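Notes follow once the structure below has been shown.
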Amino acid sequence: MQKLTYLQIDKNSEEHFEKAKSLWLPFICEVNEHDGTAETEEEIIDSLRKRISIQGSRPDMHFEIAFLDDMPVGIAMFAIDTGTVYGLLEAGYGTVMGFFVKPEHRRKGLGREFFCHIEEILKKDGAPKIYLTPDGVTGEPFWKAVGFTDSGKVDPDNKMHIYIKEVNLMIGNELESLYEAVPVNGNEDTSFVTRFYGGNIEPLHGRKITCEEWCDLISQNDPDEAHFIIHKDAMPVAWLKLNGISDGETGWISMLAVDPPMQHKGVGKYAIEFSEQFFSFQRQEKSRNSHY
Numbered sequence: 013m014q015k016l017t018y019l020q021i022d023k024n025s026e027e028h029f030e031k032a033k034s035l036w037l038p039f040i041c042e043v044n045e046h047d048g049t050a051e052t053e054e055e056i057i058d059s060l061r062k063r064i065s066i067q068g069s070r071p072d073m074h075f076e077i078a079f080l081d082d083m084p085v086g087i088a089m090f091a092i093d094t095g096t097v098y099g100l101l102e103a104g105y106g107t108v109m110g111f112f113v114k115p116e117h118r119r120k121g122l123g124r125e126f127f128c129h130i131e132e133i134l135k136k137d138g139a140p141k142i143y144l145t146p147d148g149v150t151g152e153p154f155w156k157a158v159g160f161t162d163s164g165k166v167d168p169d170n171k172m173h174i175y176i177k178e179v180n181l182m183i184g185n186e187l188e189s190l191y192e193a194v195p196v197n198g199n200e201d202t203s204f205v206t207r208f209y210g211g212n213i214e215p216l217h218g219r220k221i222t223c224e225e226w227c228d229l230i231s232q233n234d235p236d237e238a239h240f241i242i243h244k245d246a247m248p249v250a251w252l253k254l255n256g257i258s259d260g261e262t263g264w265i266s267m268l269a270v271d272p273p274m275q276h277k278g279v280g281k282y283a284i285e286f287s288e289q290f291f292s293f294q295r296q297e298k299s300r301n302s303h304y
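As structure tokens, then:
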């Protein structure tokens, strides 16, 4: 998979502003659509100029554009929070105030790669943890997938839940592998579940299950289970189902269906390693939350 490159926005560069605008406009429009608010294009652009104008005032304040083959595909604004976040969180946390990847470039591992870059910068800036308030439609599934959990605290300004992650505690970030597990999200992913399960019905001793049935089953959001599509680069190759999540103590792989052409190529080994890290993370979070 091609790697992203990054550009710190220069507040004195009109070229940088134009590139930022091409990403910030669709980002804010998407967020506004999800939360039911409305801003004019002029208001969004004016807000962007104000955000860019403060760049350089602190070395731990960042506003970056991500490029793929010299094409801008993502933008993020992140910094060290020097306050105490309304008395709810300690001072010195990293925070992500804005994060966007173009829709046509999502679900290819680029968002995770972009966030790894952000996390490394905030780590160097001294952040022990990172917090944010994610969009409930597209944001929450992504941020949960990279290790953020709901703190149970609410931002008094935007009334959104505050999600927190310890720096460098990303599920799967230590796995030296071509593979990546991404939570099942939407009908497209459910079609992969149907395909991979269908290709393994005989060895699984299963019955034929339609895509509509899988949609109903997965949409029930059972708190004791989690579903993932395993990708090799950007190609879906397997479905992984984990159970035993609720108690935070005993978890297991309840289903692994690998696309037949990809069998015996390390997918199972990756699934086991990922599952071990996933359940270890769940136990840590359960223990941490019990002390709040």
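Residue numbering for the sequence shown is 13 to 304, as defined by the working numbering. Positions of the beta carbon are idealized from the N, C-alpha and C atoms, including for glycine. Computed from a predicted structure; not experimentally measured.
{"Item": "Where the alpha helix (DSSP H) through F29 begins and ends", "Value": "E26 to D47"}
{"Item": "Own chain residues within Cβ distance below 6 Å of P235, not counting five before or after", "Value": "S258"}
{"Item": "8 Å contact criterion, which A78 and G86 should meet: CB distance rounded", "Value": "4 Å"}
{"Item": "P235 (DSSP reduced to helix, strand or coil)", "Value": "coil"}
{"Item": "Separation of T222 from L216, as counted between CA atoms", "Value": "16 Å"}
{"Item": "Buried or exposed (CB count within 10 angstroms, at least 16 for buried), V149", "Value": "exposed"}
{"Item": "Residues of its chain near F75, where Cβ-Cβ distance is below 6 Å and the 5 sequence neighbours each way are ignored", "Value": "I21, Q67 and M89"}
{"Item": "Same chain only: Cβ atoms within 8 Å of K165, ignoring 5 sequence neighbours per side", "Value": "L100, L101, H173 and I174"}
{"Item": "contact_flag[the stretch 241-249, the stretch 263-280] where n(CB pairs < 8 Å) is 3 or more", "Value": "yes"}
{"Item": "Segment contact flag, the stretch 49-62 with the stretch 107-125, C-beta cutoff 8 Å, min 3 pairs", "Value": "no"}
{"Item": "Beta-carbon proximity list for K190, same chain, < 6 Å, skipping 5 on both sides", "Value": "The identity of residue 190 in the sequence shown is Leu, whereas the question assumes Lys. Contacts found: K244."}
{"Item": "Residues of its chain near V179, where Cβ-Cβ distance is below 8 Å and the 5 sequence neighbours each way are ignored", "Value": "G106, E131, L134, K135, A139, P140, K141 and I142"}
{"Item": "Within the stretch 151-225, ranges of the alpha helix (DSSP H) (whole runs, at least 4 residues)", "Value": "151-157, 199-210 and 213-216"}
{"Item": "Coarse secondary structure for A283, derived from DSSP in three states", "Value": "helix"}
{"Item": "Limits of the alpha helix (DSSP H) - the one that S266 falls within", "Value": "Counting along the chain, S266 falls outside any alpha helix (DSSP H), though it belongs to the beta strand (DSSP E) covering W264 to V270."}
{"Item": "Burial state of E200 (16 or more Cβ within 10 Å)", "Value": "exposed"}
{"Item": "According to DSSP, residues forming a beta bridge with Q296", "Value": "Answer by DSSP bridge pairing: none, since Q296 is not bridged."}
{"Item": "Reduced DSSP secondary structure (H/G/I, E/B, other) of I21", "Value": "coil"}
{"Item": "With 16 other Cβ atoms within 10 Å as the buried cut-off, status of E214", "Value": "exposed"}
{"Item": "Contact set for S305: own chain, Cβ-Cβ below 6 Å, skip 5 residues either direction", "Value": "Not covered by the structure: residue 305. The range shown for the chain is 13 to 304."}
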